[in-house]
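In our numbering, the protein residues as written are 949 to 1522. To start, the structure itself, in structure tokens.
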Amino acid sequence: MSKEFYYRALQNSSIGFAVLKLNNEDGLRCYISESNEAFQTITGIGTDNFGTKSLSELLPCLQSGFSSVSHLFNNELDSNIETEIHLRSVNKWVNAEFVHIDDQTVLLLLTDITANVGHRIQSEQYQYQYKLIFENAQLGIFRYDAEGVITETNDAFVGMIGSSREKIVGLDTLQLPDKNIREAIAKSLKGIPTRVVDDYKAVTSGKTITVSCFFSPMFQSGKVIGGFGIIRDATERIQIQRELEENQRSLNNSQVLAKMGSWQALSDNTQVNWSENYYRLLDLEPFSVHPDNDVFFNKVHPDDRSKFKVDVSSIEANPRTIQFEFRLIREDGSIKWISNTIDPVVEDGKLMSLKGINIDITELKEAQLNLQQSLQEKDILLSEVHHRVKNNLAIISSLLTLQIDSIADYKQRVLMTESVNRVRSMSLIHELLYRQENFSALKFDEFLEQFVDTVSDSFSDDSMRVTHVIDAESLQIEIDRAIPLSLITNELLTNAYRHGFKGKSEGRLHIDLYQKEGRIHLSVSNDGYGLPDGFTVKNVSSLGLSLVSGLVEQLDGKLSYETVGEMTVFRVEF
């Protein structure tokens, strides 16, 4: 067929077709004389540019091939020219073919291959990315064919099992001694992805590691053509997991021994987690039910349920640990006492969750109740003892008072009165102890208020009026010190009446009691006749002052006396 026939056929073809004419005046410059619509569509070049602009101006991407095209005009090449070109102006890839017609004419044929080039570039990118991942992954990766023979491996897998690529490639995985690995790969070759976690001993190096493996089949046209394995060295992870499990067992054992359980709840008190032993505290089988408020509160004593109301705004404003005790009701109706500690988790001023620890304190509570009962019984007994001692001393005091009435001698009556007051001081102590709950110490200010009146009544009469002022702090003094101090007080008061006010119609007494720097101070002052010259306790034969001196030593204290103005002052410090 003639060239004209092919030329006409190309006019209606989907292939871009252009006729290039050589301009003899321009030398190598050629121009488009005509083209079909396909050429114009592919290149975006309109017919108004034909004959006015050279091919190198219209398609500068062809610049590198123009020298060869000029040779083609002269038929100096053995074959036509064919190349791939990227048309940047329209972002298309084309296959360009230059065909020699005669010395003045060359045909340019363009085929749009953009889609094919895109697929090829995408495929190349995929292959590059696959190679990048395969070679640089921290996981061990290897490929195997349909027979289970390893065809490729990355460096991470080689290093992981301590072998070499030469020993691994070509290895038949279906002949490995490790049954779990062998069966997993066999499943993958049947199209079933399989995971394995096991201790694996490499046949090529003898190294044993704990591995986590994933074996996946590779398909082509619906047929398994092989597979790949992804291997992770799980030695450290498994070790950490085992340590965590051991720690969990130790924690649970500790909670069992301590009769303790831990829990966690949301900010609205919804339970989310109970420890194994927490279930046992609730008399439930471990993990037999999901943590639930209804399950919990059904076991809490109705009177104690209000303790669990959480004031969220208060906790958010002032995060703090909350502690309280509550009761659980067992199936048999008995009570189990629980100590509850709640620790709020607050982040950025918002309550996120609540964590708590519960401890079974039933035995402690029962011991406390028994102790309280024992103490109550002891208190009753002591109260009865003090009551009886007080009554017996009162009887003795009454008998001595009756005896005084039968004594005519004044001195004997005074001496007997002093003895009666000594008995009364001890009787009053036991009476005050009997009235109060604490038997180990005495409110000594109350004792002074009552006892000074008793002594005053014993010595005062119509011929002697003595006024007294008591300035006493509220002090609790142990019973073993209160009794000696009461006798000292009695002797100092008696001494004031017998010697200070003797023969006087009126007088003043001032009693001070206070504590300073851990020591107790008692002073008894009177405005009587005062102390004689050269007075000392040691050179006085008075039984009362000798008794005072001995009792002060018993208290490991200090006795002093002086005259201040018109007042004679005796001080006791211990």
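Note that CB positions come from ideal geometry on N, CA and C, so glycine has one too.
Could you check if PRO1267 is buried or exposed, using at least 16 other CB atoms within 10 Å of its CB as the buried criterion? exposed
Given that a residue counts as buried once 16 or more other Cβ atoms are within 10 Å of its Cβ, and exposed if not, what is PHE1272? exposed
Among the residues of its own chain, which have a CB less than 6 Å from the CB of ASN1443, if the five just before and after it don't count? GLY1492
Counting only runs of 4+ residues fully inside the stretch 1419-1486, write out the alpha helix (DSSP H) ranges in chain order. 1427-1443
Rounded C-beta distance between VAL1517 and SER1453? I'm assuming under 8 Å. Not quite, the Cβ-Cβ distance comes to about 22 Å (not below 8 Å), so this is no contact.
Classify SER1375 as helix, strand or coil using the three-state DSSP reduction. helix
Going by the CB atoms, is the gap between SER1346 and HIS1399 shorter than 8 Å? Before going further, note that residue 1399 is Phe rather than His in the sequence given. The answer is no: Cβ separation not under 8 Å.
Please return the same chain residues whose Cβ sits closer than 6 Å to the Cβ of GLU1514, not counting the five positions on each side in sequence. ASP1475
Could you give the DSSP three-state label for GLY938: helix, strand or coil? The requested residue 938 is not part of the displayed model; the chain covers only 949 to 1522.
Who are CYS1009's beta bridge partners in DSSP? In DSSP, CYS1009 forms no bridge with anything.
Cβ-Cβ distance between GLY1096 and LEU1122 below 8 Å: yes
How big is the Cα-Cα spacing for SER962 and ALA986? 5 Å
Limits of the unbroken beta strand (DSSP E) element including ASN916: One cannot answer for residue 916 here, as it falls past the ends of the chain, which runs 949 to 1522.
DSSP-derived helix/strand/coil call for ALA1213: strand
Proximity to LYS1257 [Cα-Cα], best of ASP1296, ASP1216, ASP1050, ASN1246: ASP1216
Just to confirm the assignment, what range does the beta strand (DSSP E) spanning ILE1283 have? 1283-1295
Three-state secondary structure (DSSP) at PHE1407? helix
Counting Cβ pairs, one atom from each stretch, are 3 or more of them under 8 Å apart for the stretch 1414-1421 and the stretch 1350-1369? no
Please state the DSSP three-state secondary structure of ILE963. coil
LEU1363 at chain B interface by Cβ criterion, 8 Å: The chain inventory of the structure shown lacks chain B, comprising one protein chain alone.
Are there three or more Cβ pairs, one per stretch, closer than 8 Å when the stretch 1057-1077 is compared with the stretch 1130-1148? no
Using DSSP bridges, identify the partner residues of VAL1248. LEU1276
With burial defined as no fewer than 16 other Cβ atoms inside 10 Å of the residue's Cβ, what is the status of PHE965: buried or exposed? buried
Alpha helix (DSSP H) containing ASP1050: first to last residue? Per DSSP, ASP1050 belongs to no alpha helix (DSSP H); it is in the beta strand (DSSP E), 1040-1050.
What does SER983 pair with, by DSSP beta-bridge criteria? ALA966
Just grab the DSSP bridge partners of TYR1076 for me. Per DSSP, none; premise fails for TYR1076.
Which partner residues does HIS1416 have in the DSSP bridge list? LEU1457
Check whether the Cβ atoms of THR1031 and VAL967 lie closer than 8 Å to each other. no
According to DSSP, simplified to helix, strand and coil, what is ILE1029? strand
Cα separation between TYR1092 and GLY1110? 19 Å
Counting only the same chain and skipping the five closest in sequence on each side, list residues whose C-beta sits under 6 Å from that of LEU1124. ARG1130
Going by other Cβ atoms of all chains shown within 10 Å of its Cβ, with 16 needed for buried, is ASP1240 buried or exposed? exposed
Just checking my contact of ALA1182 with VAL1151 at CB under 8 Å: how many whole Å lie between their CB atoms? Contact doesn't hold; Cβ gap of about 19 Å is too wide.
Three-way DSSP call (helix, strand, coil) for VAL1117 in this model: coil
So for HIS1238, helix, strand or coil by DSSP? coil
Go ahead and label ILE1343 buried or exposed: buried means 16 or more other beta carbons lie within 10 angstroms of its beta carbon, across all protein chains shown. exposed
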